[in-house]
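Everything below concerns the one structure shown next.
Protein chains: 2
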Amino acid sequence: MYFSKSFIPILKNNPTEAKIKSHQLMLRIGMIKQSAAGIYSWLPLGFKVMKKIEQIVREEQDRIGVQEILMPTIQSSEIWKESGRYEDYGEEMLRIKDRQNREMLYGPTNEELITDIFRNSIKSYKSLPQLLYHIQWKFRDELRPRFGIMRCREFYMKDAYSFDINDEEAFFSYNKFFLSYLRTFKRLNLSAIPMAADTGPIGGNLSHEFIILAETGESKIYTDKRIFEVKSDDTKIEKKSLSDLRKNYEKFYAVTDEKFDKKEFDEKVSDEFKVNTKGIEVGHIFYFGDKYSRPMNATVDFQGKKEFVKMGSYGVGVSRLVGAIIEAKYDDKNEIMKWPISVSPYECVIIPLINKNDKSNLEKANNISKILKSSNIDFIIDDTDENFSSKIKKFNLIGIPFQIMIGNKNEGNTFEFKEIGNETQILDIGKIIEIIKTSKK
Amino acid sequence: MYFSKSFIPILKNNPTEAKIKSHQLMLRIGMIKQSAAGIYSWLPLGFKVMKKIEQIVREEQDRIGVQEILMPTIQSSEIWKESGRYEDYGEEMLRIKDRQNREMLYGPTNEELITDIFRNSIKSYKSLPQLLYHIQWKFRDELRPRFGIMRCREFYMKDAYSFDINDEEAFFSYNKFFLSYLRTFKRLNLSAIPMAADTGPIGGNLSHEFIILAETGESKIYTDKRIFEVKSDDTKIEKKSLSDLRKNYEKFYAVTDEKFDKKEFDEKVSDEFKVNTKGIEVGHIFYFGDKYSRPMNATVDFQGKKEFVKMGSYGVGVSRLVGAIIEAKYDDKNEIMKWPISVSPYECVIIPLINKNDKSNLEKANNISKILKSSNIDFIIDDTDENFSSKIKKFNLIGIPFQIMIGNKNEGNTFEFKEIGNETQILDIGKIIEIIKTSKK
Chain U
72 MYFSKSFIPI LKNNPTEAKI KSHQLMLRIG MIKQSAAGIY SWLPLGFKVM
122 KKIEQIVREE QDRIGVQEIL MPTIQSSEIW KESGRYEDYG EEMLRIKDRQ
172 NREMLYGPTN EELITDIFRN SIKSYKSLPQ LLYHIQWKFR DELRPRFGIM
222 RCREFYMKDA YSFDINDEEA FFSYNKFFLS YLRTFKRLNL SAIPMAADTG
272 PIGGNLSHEF IILAETGESK IYTDKRIFEV KSDDTKIEKK SLSDLRKNYE
322 KFYAVTDEKF DKKEFDEKVS DEFKVNTKGI EVGHIFYFGD KYSRPMNATV
372 DFQGKKEFVK MGSYGVGVSR LVGAIIEAKY DDKNEIMKWP ISVSPYECVI
422 IPLINKNDKS NLEKANNISK ILKSSNIDFI IDDTDENFSS KIKKFNLIGI
472 PFQIMIGNKN EGNTFEFKEI GNETQILDIG KIIEIIKTSK K
Chain L
72 MYFSKSFIPI LKNNPTEAKI KSHQLMLRIG MIKQSAAGIY SWLPLGFKVM
122 KKIEQIVREE QDRIGVQEIL MPTIQSSEIW KESGRYEDYG EEMLRIKDRQ
172 NREMLYGPTN EELITDIFRN SIKSYKSLPQ LLYHIQWKFR DELRPRFGIM
222 RCREFYMKDA YSFDINDEEA FFSYNKFFLS YLRTFKRLNL SAIPMAADTG
272 PIGGNLSHEF IILAETGESK IYTDKRIFEV KSDDTKIEKK SLSDLRKNYE
322 KFYAVTDEKF DKKEFDEKVS DEFKVNTKGI EVGHIFYFGD KYSRPMNATV
372 DFQGKKEFVK MGSYGVGVSR LVGAIIEAKY DDKNEIMKWP ISVSPYECVI
422 IPLINKNDKS NLEKANNISK ILKSSNIDFI IDDTDENFSS KIKKFNLIGI
472 PFQIMIGNKN EGNTFEFKEI GNETQILDIG KIIEIIKTSK K
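Listed in order, the protein sequences are those of chains U and L.
Each residue of the first sequence is one higher than the last, beginning at 72 in the working numbering.
Each residue of the second sequence is one higher than the last, beginning at 72 in the working numbering.
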């Protein structure tokens with residue numbers, strides 16, 4: 072891809088309307104464009120990052136055996152009246168009347184709809200557990216949408232739902248998602264801590280938020296720094312192994328301000344280990360038993376009688392993660408972003424110095440791009456005739472982790488190569504490819 | 072995947088509410104579930120097919136250099152007032168008021184929104200052409216939704232938009248999509264004919280519908296059967312080659328009833344070549360010049376002045392294609408479906424005969440599945456203890472093109488193997504894999 076042909080509308084300066092760094096950067100480098108209050112279009116650069124995040128989220132759901140479906144955005148009010156949430160949900164629910172004056176709504180979450188699908192499809196406990204997820208647009212009509220895609224109205228979310236015969240099996244399902252979320256955020260190069268959390272309008276009495284540290288986060292967090300050392304790599308998809316994993320986390324105090332208790336914090340965490348900072352919620356899991364299955368009559372046959380199924384739900388904010396990664400990785404003082412290679416819009420940028428009368432560096436760039444292509448490395452070439460230093464500045468903002476610079480210094484088959492955050496090196500193309508490939512593993 | 076663990080709720084009989092065969096089959100084999108009038112959830116089997124279609128559509132857009140973005144589902148009414156379509160669009164537009172009483176709508180199409188994005192991003196003709204697409208849910212509030220996902224309210228669509236400096240360049244863009252659509256439908260194993268069409272509420276004076284033949288289609292079509300022989304394989308992405316391709320099609324009379332003229336049909340097509348049948352619209356392309364760029368003031372700098380960009384739009388009904396493929400491929404009299412391998416939910420099913428006291432065939436199935444897996448063939452095992460013939464009947468409906476049957480007849484390393492529509496053969500596993508792999512090419 073040539074930069075001159077790409078649809079990446081760069082702004083010269085930080086947009087004044089943006090108050091946090093992810094919002095600033097996303098507008099500045101043309102990842103998104105606002106189309107209405109709290110509603111955004113995703114331009115190619117933003118779209119690529121979000122799609123890569125979506126795919127990682129998907130793979131980690133598939134890996135624990137969750138089946139993908141897709142529920143619609145528009146729902147009927149009827150099922151919400153059955154569950155009792157239609158009136159409760161308040162003004163954040165976007166309520167709609169269709170041309171026949173039927174009460175509809177844009178789904179803010181899907182507990183009711185999935186319960187309706189389940190009760191019409193599954194009759195016997197032998198078909199349990201059922202774990203289902205979808206990745207779909209949601210709408211919450213925030214009074215004051217702000218911070219770009221971090222607190223917007225239309226957002227992209229993965230939500231999963233589990234159906235089990237009893238609490239023991241349901242906790243097993245819950246713990247599978249607990250592990251799956253740790254794996255997901257790790258692949259995004261984020262350090263996420265599971266924290267005991269309130270359940271809010273979803274309900275139930277067991278819930279964890281997954282929080283990543285960021286100074287601009289909306290949640291205050293209180294924890295023990297040893298929680299960052301807990302390992303999940305050897306956890307198996309077995310009841311005991313998963314339960315042990317949760318216990319290893321739950322040994323350490325970790326709460327958001329909703330659950331904060333100073334006395335408990337002081338008792339459980341000695342000063343040397345105390346962490347009191349801010350964070351961003353990127354995932355939230357809930358166990359709520361029969362809160363929906365009972366009013367909506369979702370049962371299975373078990374030993375001759377009908378049992379209400381026990382349910383949980385599990386959300387990851389896919390669009391929000393784009394902003395969360397920027398909050399965690401963007402050095403706004405020096406205007407340097409670096410995407411984790413797993414979600415970077417491109418893996419490598421080739422920046423040739425181009426003079427109007429001398430396109431030889433562009434030719435070199437084209438030659439290098441062929442080699443990158445044959446090595447399955449996704450690249451973009453900045454073929455514009457901007458001056459060299461403004462090109463580099465621009466790509467420091469765009470945050471593609473690897474840069475190959477073709478200025479006047481390169482000789483023969485060696486080039487200036489930089490991994491953002493490291494020193495520039497002079498390397499031949501074979502070595503460059505080796506470094507990029509190694510970083511993708 | 073084991074059938075017993077999958078979420079594939081099969082109905083014993085055809086649902087009485089379904090009037091056409093795609094709607095019948097999709098409900099019968101649990102591909103979709105209606106959640107409200109004209110609004111459906113996609114269950115795993117339906118979801119898999121739709122995702123594979125989406126991916127083929129995407130690859131063929133990428134191949135002609137269209138860049139992917141993602142616009143939101145909810146739009147502000149303001150841009151529709153600018154273009155003049157807000158009042159025109161009628162009751163099919165789902166109009167919404169948010170909590171602040173702002174007029175919003177669920178996008179039925181995106182000409183306005185993309186024009187708004189373009190005019191804010193691109194300033195110079197040097198950045199043209201720009202070809203952009205997205206794949207997003209749309210809503211049209213049909214008065215009488217029917218035929219399942221073929222004429223529903225919430226539907227999944229790929230829509231692309233082109234921006235050019237003049238008519239000549241714009242026709243070049245138009246023709247790229249013309250070729251891209253032929254390629255797309257070919258990969259879906261559909262024989263689609265481009266037909267001169269009315270432009271309707273989109274506007275403009277050049278338009279083609281892509282129609283596939285199906286007796287249950289809503290469009291009457293009149294054409295010359297030699298149009299099915301036109302070849303596009305050697306067409307290049309060059310102005311002349313693409314223009315020749317369109318001419319080769321336009322040699323033959325091909326219209327829907329909106330444009331039908333009996334006298335012209337009789338003059339241009341001799342009786343031996345006449346085709347007068349029904350079809351399903353699966354794609355529609357439009358060229359409308361400055362219809363939106365002029366009222367919305369989308370211009371680029373060209374030779375010292377502002378020029379309105381020339382635009383076209385290009386739609387493929389991704390969710391509708393699932394139904395269209397069924398209409399084209401499902402033999403409802405014999406209750407036999409066969410998916411093109413490119414979009415089949417699984418590539419192969421293993422059907423072991425299982426007795427309560429003898430699981431040896433299930434073991435054989437597991438062993439075969441390992442070999443399939445290592446050959447990257449996606450399979451499902453029917454591990455239920457239903458009787459053998461009802462299993463086979465069920466999978467004839469589900470339509471996975473290849474079946475490996477493990478009954479009492481198989482000996483050693485050979486199995487009963489059937490490609491749907493062909494005779495059963497006794498083959499060893501190596502030969503079976505070779506056949507499946509060949510069909511994927």
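Quick reminder that beta carbons are idealized off the backbone N, C-alpha and C, glycines included.
Count the other CB atoms within 10 Å of the CB of residue i; is the residue buried (16 or more) or exposed (fewer)?
{"i": "proline 272 (chain U)", "result": "exposed"}
{"i": "phenylalanine 299 (chain L)", "result": "exposed"}
{"i": "leucine 82 (chain U)", "result": "exposed"}
{"i": "arginine 215 (chain L)", "result": "exposed"}
{"i": "asparagine 484 (chain U)", "result": "exposed"}
{"i": "asparagine 181 (chain L)", "result": "buried"}
{"i": "glutamine 132 (chain L)", "result": "buried"}
{"i": "glutamate 398 (chain U)", "result": "buried"}
{"i": "aspartate 337 (chain U)", "result": "exposed"}
{"i": "arginine 211 (chain U)", "result": "buried"}
{"i": "threonine 87 (chain U)", "result": "exposed"}
{"i": "threonine 495 (chain U)", "result": "exposed"}
8 Å is my cut-off, CB to CB: does residue i come that close to chain L?
{"i": "threonine 327 (chain U)", "result": "no"}
{"i": "proline 366 (chain U)", "result": "no"}
{"i": "serine 415 (chain U)", "result": "no"}
{"i": "phenylalanine 450 (chain U)", "result": "no"}
{"i": "asparagine 432 (chain U)", "result": "no"}
{"i": "glutamine 146 (chain U)", "result": "yes"}
{"i": "isoleucine 396 (chain U)", "result": "no"}
{"i": "serine 112 (chain U)", "result": "yes"}
{"i": "leucine 203 (chain U)", "result": "yes"}
{"i": "glutamate 162 (chain U)", "result": "yes"}
{"i": "lysine 229 (chain U)", "result": "no"}
Can you tell me which of the three DSSP states residue i falls into?
{"i": "proline 265 (chain L)", "result": "strand"}
{"i": "glutamine 496 (chain U)", "result": "strand"}
{"i": "serine 510 (chain U)", "result": "helix"}
{"i": "tyrosine 320 (chain U)", "result": "helix"}
{"i": "phenylalanine 242 (chain L)", "result": "helix"}
{"i": "leucine 203 (chain L)", "result": "strand"}
{"i": "methionine 221 (chain L)", "result": "helix"}
{"i": "glutamate 280 (chain U)", "result": "strand"}
{"i": "methionine 175 (chain L)", "result": "strand"}
{"i": "glutamate 406 (chain U)", "result": "coil"}
Would you please verify whether the beta carbon of residue i is less than 8 Å from any beta carbon of chain U?
{"i": "aspartate 212 (chain L)", "result": "yes"}
{"i": "glutamine 138 (chain L)", "result": "yes"}
{"i": "alanine 263 (chain L)", "result": "no"}
{"i": "isoleucine 167 (chain L)", "result": "yes"}
{"i": "arginine 222 (chain L)", "result": "no"}
{"i": "alanine 107 (chain L)", "result": "yes"}
{"i": "glutamate 225 (chain L)", "result": "yes"}
{"i": "tryptophan 208 (chain L)", "result": "yes"}
Using 8 Å as the threshold, is the C-beta distance between residue i and residue j below it?
{"i": "glutamate 329 (chain L)", "j": "aspartate 269 (chain L)", "result": "yes"}
{"i": "lysine 123 (chain U)", "j": "valine 414 (chain U)", "result": "yes"}
{"i": "lysine 233 (chain L)", "j": "proline 200 (chain L)", "result": "Residue identity check: residue 233 (chain L) is serine in the sequence provided, not lysine. Going by C-beta atoms, serine 233 (chain L) is nearer than 8 Å to proline 200 (chain L)."}
{"i": "isoleucine 292 (chain U)", "j": "serine 262 (chain U)", "result": "no"}
{"i": "tyrosine 252 (chain L)", "j": "phenylalanine 281 (chain L)", "result": "yes"}
{"i": "isoleucine 100 (chain L)", "j": "isoleucine 407 (chain L)", "result": "no"}
{"i": "leucine 141 (chain U)", "j": "tryptophan 410 (chain L)", "result": "no"}
{"i": "glutamine 474 (chain L)", "j": "isoleucine 396 (chain L)", "result": "no"}
{"i": "leucine 513 (chain L)", "j": "lysine 381 (chain L)", "result": "This structure cannot speak to residue 513 (chain L), because chain L is shown only from 72 to 512."}
Review point. Fully enclosed by the segment 336-378 of chain L, which beta strand (DSSP E) runs are 3 residues long or longer?
Key: 345-360 and 370-373
Practice item. Return the chain-ordered ranges of every beta strand (DSSP E) run that is complete within the segment 408-460 of chain U and spans a minimum of 3 residues. Key: 419-423 and 450-452
Check your understanding: Got a sec: which bits of the segment 185-196 of chain L sit with their beta carbon under 8 Å from any beta carbon on chain C, in order along the chain?
Key -> Of the protein chains in this structure, namely U and L, none is chain C.
Point to revise | Complete runs of the beta strand (DSSP E) confined to the segment 113-193 of chain L [at least 3 residues] | key: 145-147, 165-168 and 174-177
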